[in-house]
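First the structure, in the form of structure tokens, and then the observations on it.
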Amino acid sequence: MISGISVSPGIVFGKALLFKEKKIIINKEKITKKNISKEIKKFFKARKKSEKQIQEIIIQAKKKFGKKKSEIFKSHILLLKDEELEKEILSLIKKKLIKADYAVEKIIKKQIYLLEKLKDEYLKNRAIDIRDIGNRLLKNILKIKIIDLNNIKKKRILIVKDLTPSQTTQMNLNKIIGFITDLGGKTSHTSIIARSLEIPAIVGTKNITKKIKNQDFLILDSINNKITINPSKKNIKKFKKKEKIFLKKQKKNILTKNLKAITIDKKKIKIGSNISNCNDIVSLKKYGAECVGLYRTEFLFMERNNLPSEEEQFKNYKSIAKKLNGKTIIIRTMDIGGDKNLSYIKFPKEENPFLGWRAIRISIDNINILQDQLKAILRASAYGKFKIMFPMIISIEEIRYLKSQIKKIKIQFKNKKIKFDKNIELGIMIETPASAIISKYLAKEVDFFSIGTNDLTQYTLAVDRGNDYISHLYQPLSPSVLYLINKVIKSSHKEGKWTGICGELASNEKSIALLIGMGIDELSMSSVSIPIIKKIIRKINFKKAKKLAKKILKQSTTKKVKKLIKKFNKKENLLS
Ligand code: PEP
Ligand code: MG
């Protein structure tokens, strides 16, 4: 039995698919003239195999993303069969007497270098395609097995060292029924996506990839944080029973989805959903969200190989508004960096990416990208109820600068008679201790706050949110974090503004009474959590919760905080 960090609840049974790619090791030894034709043959054989693999990807992409998006891969085939490329590779093999893999590596590297030097954004981006194709070709020459997560034939539980957030969003959920990783933390973006996809997952096991073999039969129980390898029949029966109970409970919880989130003594809390793309609107409706409390727009940027234009973004935002039928959407500007990267923006090599070039810092340094996004949002605001939100703010100077950018666009739009919501509200995420500490000044500048407790906890406690080695230190309920949350809520209320939470703490069943007692106005979370959170809120007495918050804010240790919360939840029968 192995455990890790349960990040998305459920129980699944199935065979393991161990995703462990071998490293590409290039053989730089010289060959004899006699072996030239053998190396050339190797190259052509690998090229043919690569072409076949890409054809298969095109079929899958067409099914999943439509014809237009699948066209991208067609260009991969053209590049793969590029005559110039072929000529240069063959000439290197013949003249320099080197192996096919070394020749391919050299030519691909040269092409990437030449493309990256160009000013034209489109051509620059082709460097990524060339790298992709080169890697595929090299793996096929070296006979390294390529596992394509989009092209898995049978249902499997994925076992992998780590997954990026975009790999997670693009997984074929009909085939991958759960995943387990060596690395990761509860609030890393991969885990957040797993919850919104409702795929059972355990991360941070440290060494699952060493303990499990391909085809092992597994029980992944991410409710109780247990992984069983090749279980007995008796064990399978036991877990099937647990699965049944879990599904029954879920069915019962969902009955509250259309009820209001209101306490016994009539304090109303707004309940939102965190979304990453248009598809998430389906579960938003299924689980009864009242609004989108956080649209992580960076996923729109991550799911492609180049920057989305203003027009493309406008279409995306407008279509979301249309699907939401008048419900509010808090749209966060691109929050890239940390564990979310874009293949087409060159990131500096940083020692501490989470403390580095991230979020609003990237937008401010690439003002054209920010302006395109703001224009797209403002244009879409003529078709729905949008609020703009900026991530990772640390100062008044930043917010004033951002406001001046919005003002500029509004003037342009007025002159050009482009329609937009003139009263569009503007908010910021409170994710840094800096912004929490100066929240009393920030509250005068904006219409609302949304506390990103995932980052706020990380930065307050100096604990990397994705690092399993220190996950025990990652405590959103520590007195220091709670002190800041409370300060932010109070600062906003003093200015007649409101505060929500869109970090994972918003769906932590145990903390809801405390958050409500502190005066939180809105909670936004993965849609699947909404029914249970509504159910809890409807059992809370606001007056009593306020007393609890007051008492808790006087505590000096996390242990005591947790103890008091536990006692309260039990006495008020909130979690049953
Ligand atoms: C947060 O930091 O709590 C948040 C909601 O933003 P993200 O998880 O995308 O960093
Ligand atoms: Mg954040």
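Note that the sequence shown covers residues 52 to 627 in the numbering used here.
Even glycine gets a Cβ: it sits at the ideal position worked out from N, Cα and C.
With residue i as the anchor, note down where its beta strand (DSSP E) starts and where it stops.
i: F619; result: That residue, F619, is in no beta strand (DSSP E); its alpha helix (DSSP H) goes 609 to 622.
i: E156; result: First-last for E156: 151 to 167, but that is the alpha helix (DSSP H), not the beta strand (DSSP E).
i: Y346; result: 342 to 347
i: F398; result: Where F398 is concerned, there is no enclosing beta strand (DSSP E), given that its DSSP letter is neither H nor E.
i: I228; result: 227 to 232
i: A67; result: 62 to 70
i: R207; result: 207 to 211
i: V254; result: 252 to 254
i: K337; result: Segment 331 to 337 is the alpha helix (DSSP H) holding K337; no beta strand (DSSP E) there.
i: T379; result: 379 to 383
i: T307; result: Premise fails: T307 is in no beta strand (DSSP E) and is neither H nor E.
With 16 other CB atoms within 10 Å as the buried threshold, where does residue i fall?
i: N474; result: exposed
i: S324; result: buried
i: D316; result: exposed
i: M52; result: exposed
i: N537; result: buried
i: A557; result: buried
i: G547; result: exposed
i: F365; result: buried
i: D416; result: exposed
i: I439; result: buried
i: T83; result: exposed
i: Y510; result: buried
i: G570; result: buried
i: I296; result: exposed
i: L129; result: exposed
Relative to the C-alpha of residue i, which residue among the options is closest?
i: K257; options: K621, N624, K590, S522; result: S522
i: I140; options: E90, I77, L68; result: E90
i: I179; options: E134, R246, L166; result: L166
i: F619; options: N592, C329, T608, T609; result: N592
i: N78; options: I109, E156, L130; result: E156
i: A151; options: G570, K295, L188; result: L188
i: A564; options: L535, N518, V612, P484; result: V612
i: R98; options: A485, K132, T508, F441; result: K132
i: D199; options: S577, A112, L271; result: A112
i: K585; options: A494, E341, M222, N330; result: E341
i: Q424; options: K391, E482, I616, S360; result: S360
i: S394; options: E137, I181, K114; result: I181
i: Y338; options: K308, I447, I322; result: K308
i: E72; options: S247, N559, K196; result: K196
i: I250; options: Q266, L224, T232, T260; result: L224
Following a CB-centred definition, is residue i positioned closer than 6 angstroms to any heavy atom of the ligand PEP?
i: G554; result: yes
i: G344; result: no
i: G503; result: yes
i: D331; result: no
Among residues of its own chain, excluding the 5 on either side of residue i, which ones have a beta-carbon nearer than 8 angstroms to its beta-carbon?
i: G407; result: G388, P399, E401
i: K100; result: N191
i: K293; result: I62, D272, I274, N275
Any heavy atom of the ligand MG closer than 6 angstroms to the Cβ of residue i?
i: D515; result: no
i: G255; result: no
i: E482; result: yes
i: D506; result: yes
Taking 7 angstroms as the limit between beta carbons, can you name the residues of its chain near residue i, skipping five residues before and five after?
i: A433; result: K470, F471, D472
i: F70; result: I198, L209, I210, V211
i: S562; result: L528, L556, I616
i: A427; result: E361, Q364, F365, Y368
Can you tell me where the alpha helix (DSSP H) with residue i in it begins and where it stops?
i: M569; result: 563 to 569
i: T241; result: 240 to 248
i: L425; result: 418 to 431
i: D506; result: 504 to 512
i: D267; result: It is not in any alpha helix (DSSP H) - D267 carries neither H nor E in the DSSP assignment.
i: F297; result: 284 to 304
i: K595; result: 593 to 603
i: I462; result: 447 to 467
i: V693; result: Examination of residue 693 is not possible in this model, given that the chain is present from 52 through 627 alone.
Excluding the five sequence neighbours on either side, which residues of its own chain have a C-beta within less than 6 angstroms of the C-beta of residue i, listed in chain order?
i: S57; result: I253, S273, N276
i: G185; result: I159
i: K459; result: none
i: I109; result: S121, F124
i: K655; result: Beyond the ends of the chain as shown, which are 52 and 627, falls residue 655; an answer cannot be given.
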